[in-house]
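Participant: Starting off with a structure, shown below.
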Amino acid sequence: MPIKLNLYDDNIVVSVHQVIRGIGIVNCIYFNPQNEQFWIIDYRIYDPDSDNKTKIDHVEEMILNVINTNKLPFKTVLMDSWYATQRLMALIDNLGKIYYCP
C-alpha cells in the first residue's frame, strides 16, 4: 500500500510576518565556481511525523554526509537565515568552513 506524505508545510516568512504554505523539502546543492555548474547532492522530505527529525537535523546530516560520504571539497555553506542556529553555525565553524546566511 502506498504511503501518503504531506509535502506541504507551513513556513514563517519573517520579512512579511506571515505564515505561508510551502513545500517541505530540504535540499543540499553543490556549486563548483570554477566551471559554474551545480548539482543536487541530497534532499530530504520534511515529515517529522514519520522520522521525528527537524529541518535542522536534516541540514546537519547533509553537511556531515558531504564531508564524510561524498567527500566533496567546499569552503562555504550558503543557507537561508532561518537555518542560522547556534547548533549549525558551531558545526560549520568546527569543520573549518565559512557560513553565509543572507
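Taking this note's numbering, the leading residue of the sequence shown gets 2, the next gets one more, and so forth. Quick reminder that beta carbons are idealized off the backbone N, C-alpha and C, glycines included. Quick caveat, the model's predicted, so the values are computed rather than measured.
Counting Cβ pairs closer than 8 Å, one from the stretch 46-55 and one from the stretch 67-82, do we hit at least three?
Facilitator: no
Participant: Please list, in chain order, all residues of the same chain as methionine 90 whose beta carbon is under 7 Å from its beta carbon, the five residues on each side excluded.
Facilitator: Locating residue 90 in the sequence shown gives position 89, counting from the first residue. If we look at methionine 90 and ignore the five residues flanking it on each side, its Cβ neighbours are Tyr100.
Participant: Using only the alpha-carbon positions, how far apart do isoleucine 57 and isoleucine 30 sit?
Facilitator: Indexing the sequence shown from 1 puts residue 57 at position 56. Indexing the sequence shown from 1 puts residue 30 at position 29. So the two alpha carbons sit approximately 16 Å from each other.
Participant: Quick check for students: name the residue ranges of the beta strand (DSSP E) that lie wholly in the stretch 25-84, counting only runs of 3 or more.
Facilitator: 26-33, 38-46, 77-79
Participant: Just reading off the alpha helix (DSSP H) that leucine 89 is part of, what are its end residues?
Facilitator: Translated into positions along the sequence shown, residue 89 becomes position 88. For leucine 89, the enclosing alpha helix (DSSP H) starts and ends at 87-95.
Participant: Thinking methionine 63 and aspartate 48 are a contact (beta carbons under 8 Å), I'd like their distance in whole angstroms, please.
Facilitator: Position 62 of the sequence shown, counting from 1, holds the residue named residue 63. Position 47 of the sequence shown, counting from 1, holds the residue named residue 48. That pair is no contact at about 16 Å.
Participant: When burial is assigned at 16 or more other CB atoms within 10 Å of the CB, is isoleucine 93 buried or exposed?
Facilitator: Here residue 93 refers to the residue found at position 92 of the sequence shown. It is buried - the Cβ of isoleucine 93 has at least 16 other Cβ atoms within 10 Å.
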